[in-house]
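Peer 1: The working numbering puts the first residue of the sequence shown at 252, with every later residue one more than the last.
Here a beta-carbon is modelled for each residue, glycine too, at the ideal position from N, C-alpha and C.
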Amino acid sequence: MDTGVHFARNRLKDVVAVAACAALLTACSSSSTSYQAAALQASDGGDQKKAISLAKKEVERFSDKCSLSARLECGTLALAYGALAGYQILDRNRAAGEGSFIQAKGALSLTDPKIRASAAGIVYRDVSEAFWQAGDQARAIAVFKEGRAAGGDEYLFMSSAAKAAEQQPRAPASVLD
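#1: Kindly indicate which residue of L319, L323 and I303 has the alpha-carbon position closest to the one of Y332.
#2: Please classify K356 as buried or exposed, where buried requires at least 16 other C-beta atoms within 10 Å of its C-beta.
#3: Might you give, ordered along the chain, the residues of its own chain that have their beta carbon closer than 7 angstroms to the beta carbon of A416, omitting 5 neighbours on each side?
#4: Can you check which of these residues, A289, T327, R343 and A293, is closest to R367 by C-alpha distance?
#5: Looking at C-alpha atoms only, which residue of C325, K307, G398 and S294 is the closest neighbour of S379?
#6: Within its chain, find whatever has a CB closer than 6 angstroms to the CB of A347; leave out the 5 residues flanking it on each side and keep chain order.
#7: If you draw a straight line from the C-alpha of W383 to the C-alpha of G337, how long is it?
#8: Please work out which residues of its chain come closer than 6 angstroms, Cβ to Cβ, to A412, disregarding the five sequence neighbours upstream and downstream, and give them in chain order.
#9: Closest by CA to A371, which one among E349, D404, L319 and F352?
#10: I'd like to confirm the pairing. Which residues does DSSP put opposite I322 in its beta bridges?
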């Protein structure tokens, strides 16, 4: 396939993915003000520090609404933490990104089962794609595989790592399997 066409197709997928994420965040959010939309814009403009700052505000908005006793906005909180993780990874702060990713997984575990697969697909796809863009393809593929095991929906398969994982050789089956 022509590299220019391939790049344009991947960019279009990214735009669709961002739009889907923004739509899900908006649908889950009870407030009309979204720091996430501004964070996406800042990140697209290359300002990861600003994106991180805005994403932290989005996390703060929902962090008190998701707990063992109150599970109102757990999906939205998971998405916010996933986005924060992505921005931190793109800013080359892997430790912070991994920490936010752990928080996202915690919120996912409390998310309503009806939307958990969609939220997981978005969280794992965003984190995987951030690792891919940061140049850590091995970690991106590992996150993709973890997301698949966690039940992430088709959104997860829009990641760069999904295609790479499909091309990896499969380990031969063990006689003991």
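Peer 2: Taking the coordinates as given:
#1: Comparing Cα-Cα distances from Y332 to each of L319, L323 and I303, the minimum goes to I303.
#2: Around the CB of K356, 16 or more other CB atoms lie within 10 Å, so the residue is classed as buried.
#3: If we look at A416 and ignore the five residues flanking it on each side, its Cβ neighbours are I392, F395 and K396.
#4: Closest in C-alpha terms to R367, from the list A289, T327, R343 and A293, comes T327.
#5: Across the set C325, K307, G398 and S294, the C-alpha of G398 shows the shortest separation from the C-alpha of S379.
#6: Contacts found: Q339.
#7: Each residue's CA atom was taken as its position, placing W383 and G337 some 10 angstroms apart.
#8: Residues S379, W383, A391, I392 and F395 of the same chain have their beta carbon placed closer than 6 angstroms to that of A412, with the five preceding and five following residues left out of the count.
#9: For the residues E349, D404, L319 and F352, the minimum Cα distance to A371 belongs to D404.
#10: Contrary to the premise, residue 322 reads as Arg rather than Ile in this sequence. Looking at the DSSP assignment, R322 forms a beta bridge with C317.
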